[in-house]
Amino acid sequence: MVITIGSTTLQRREHLKNIEGNIIDENMHNQAHVTGSILEIKNDIDEGNIPNEYMRQEQQKSILELYDICNKLEVKNNDQRMQQLIYNVSLVKNQKNPLAIIFGNGYLNNFRELVMEMEIPAFLFNFGIIGFILYFVPFLAIFLYALYIGIKNIKKIDDEYLTLFIGSGFVFAISFFAGYTFFNSSTMMIIIVINTMLINKVQLLKKEENK
91 MVITIGSTTL QRREHLKNIE GNIIDENMHN QAHVTGSILE IKNDIDEGNI PNEYMRQEQQ
151 KSILELYDIC NKLEVKNNDQ RMQQLIYNVS LVKNQKNPLA IIFGNGYLNN FRELVMEMEI
211 PAFLFNFGII GFILYFVPFL AIFLYALYIG IKNIKKIDDE YLTLFIGSGF VFAISFFAGY
271 TFFNSSTMMI IIVINTMLIN KVQLLKKEEN K
């Protein structure tokens, strides 16, 4: 409730709504659907002012696709997370590079505000399939396994089990919507502790089940 209706959050939302119309796309003679920086780069690409050393051809093509998709979907120009997601999907498609799919494009290898903030997609785009499996899948597997065991023994689970399970799931929500949860070392330690305790509770529940 504090996050949803807190005064600071409302002020921030009102501010974003007010500045949404400040960025005008002169090409469309209308309100822009991308950030001002991206709009500038798009115009420079159209004019041929972007050297390949600064931005590769597949990146430039992805910027142009981002611009077109955002206009088509009427994305808010301050919705950077959506723009990041669209750009990274387009970039992987345009690269046509199996190594980029397997190992990713790196954490800070994108232009300014196009660095992924939503961590769950970021695992895949930044670290590739291998990084996604090594970094994220173990936590997801623990959560799903705890869900399965909890449902099987729903009458035996206690408050501690439920609290750890909800805490583990809440981490995924924060990571997706806010970002910098798994990537932050201090919160990562808390995540590890929660999941370790959850595994221990699952093992205890399984022992009681087998008796």
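For the sequence shown, our numbering begins at 91 and goes up steadily by one.
Heads up, the beta-carbon is just placed ideally off N, CA and C, and yes, glycines get one too.
Exercise for review: Let me know the secondary structure DSSP gives residue 105 once reduced to three states.
Suggested key: Start at 1 with the first residue of the sequence shown, and residue 105 comes out as number 15. Reliability of the predicted coordinates at residue 105 is poor, the pLDDT of 49 falling under 50, and the value obtained from them is presented with this limitation in mind. Looking at residue 105 - three-state DSSP - the assignment turns out to be helix.
Exercise for review: From the DSSP output, in three-state form, read off residue 195 for me.
Suggested key: By one-based count along the sequence shown, residue 195 stands at place 105. If DSSP states are grouped into helix, strand and coil, residue 195 belongs with coil.
**Study point:** For residue 203 and residue 163, the rounded distance between their alpha carbons
**Key:** Counted from its first residue, the sequence shown places residue 163 at position 73. Counted from its first residue, the sequence shown places residue 203 at position 113. Their backbone Cα atoms lie some 20 Å apart in a straight line.
Review point. What is the rounded straight-line gap between the Cα of residue 147 and the Cα of residue 133?
Key: If you number the sequence shown from 1, residue 147 lands on position 57. If you number the sequence shown from 1, residue 133 lands on position 43. The alpha-carbon atoms of residue 147 and residue 133 are separated by roughly 15 Å.
**Study point:** Enclosing alpha helix (DSSP H) for residue 211 [first to last residue]
**Key:** Here the question's residue 211 lines up with position 121 in the sequence shown. Unbroken alpha helix (DSSP H) run through residue 211: 209 to 225.
Practice item. Classify residue 290 as helix, strand or coil using the three-state DSSP reduction. Key: Within the sequence shown, residue 290 is the residue found at index 200, counting from 1. Residue 290: helix per DSSP, three-state reduction.
Check your understanding: Who are the Cβ neighbours of residue 197 in its own chain at under 7 Å, not counting the five residues just before and after it?
Key -> Looking up residue 197 in the sequence shown gives position 107. So the list reads 216, once near-sequence residues are dropped.
Review point. Quick one, which of 168, 156, 166 and 167 has its alpha-carbon nearest residue 178's?
Key: Within the sequence shown, the letter at position 88 stands for residue 178. Closest by C-alpha distance to residue 178, out of 168, 156, 166 and 167, is 156.
Review point. Are there 16 or more other CB atoms within 10 angstroms of the CB of residue 226, so buried, or fewer, so exposed?
Key: As a working mapping, residue 226 is identified with position 136 in the sequence shown. Buried, by the Cβ-count rule.
Practice item. Please state whether DSSP places residue 120 in a helix, a strand or coil. Key: One-based indexing of the sequence shown puts residue 120 at position 30. It is a strand residue.
Review point. Do residue 208 and residue 267 have their CB atoms nearer than 9 Å?
Key: Locating residue 208 in the sequence shown gives position 118, counting from the first residue. Locating residue 267 in the sequence shown gives position 177, counting from the first residue. Going by C-beta atoms, residue 208 is nearer than 9 Å to residue 267.
**Study point:** Close beta carbons around residue 287, own chain, < 6 Å, minus the five adjacent residues each side
**Key:** As a position in the sequence shown, residue 287 is number 197, starting the count at 1. Around residue 287: 254.
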